[in-house]
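Per my numbering, the sequence shown starts with residue 6, numbered consecutively.
Below: one structure, written as structure tokens.
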Amino acid sequence: MDVNELTGMFAEAIFLVVTMVGVLVVPGLLMGLIIAVFQAATQVNEQTLSFLPRLVLTLLMVVFSGEWLLMQISDFFNRLFMNIPHIIG
6 MDVNELTGMF AEAIFLVVTM VGVLVVPGLL MGLIIAVFQA ATQVNEQTLS FLPRLVLTLL
66 MVVFSGEWLL MQISDFFNRL FMNIPHIIG
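Here it is in structure tokens:
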């Protein structure tokens, strides 16, 4: 196997991880930003007001995008598994 192909597989794996984490974390970050602006505007400084909506949104993202996430990781694993003979010899 060529070094460029191996580097491409590693790049694809890293991109997949970043995409999967981004799908789950970015909505929570945006929700946290919205809540922080609300807390600054109303001067309500309650920690549960910040934590609970982000937790619920992250869980909803897992529920709604879980099938897509599993399909992406499964497809990547299948491609890696099918390329084992090409990688070895």
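Backbone N, C-alpha and C fix where the C-beta goes; we use that ideal spot for every residue, glycine too.
If you're wondering where the values come from, they're calculated on a predicted model, not measured in any experiment.
Query                                                                : Result
Cα-Cα separation, Phe56 to Asp80                                     : 34 angstroms
Pairwise C-alpha distance: Leu65 and Glu51                           : 23 angstroms
CB contact flag (Val67, Leu11, <8 angstroms)                         : no
Cα-Cα separation, Phe69 to Leu75                                     : 11 angstroms
Cα-Cα separation between Phe86 and Leu54, rounded to whole angstroms : 45 angstroms
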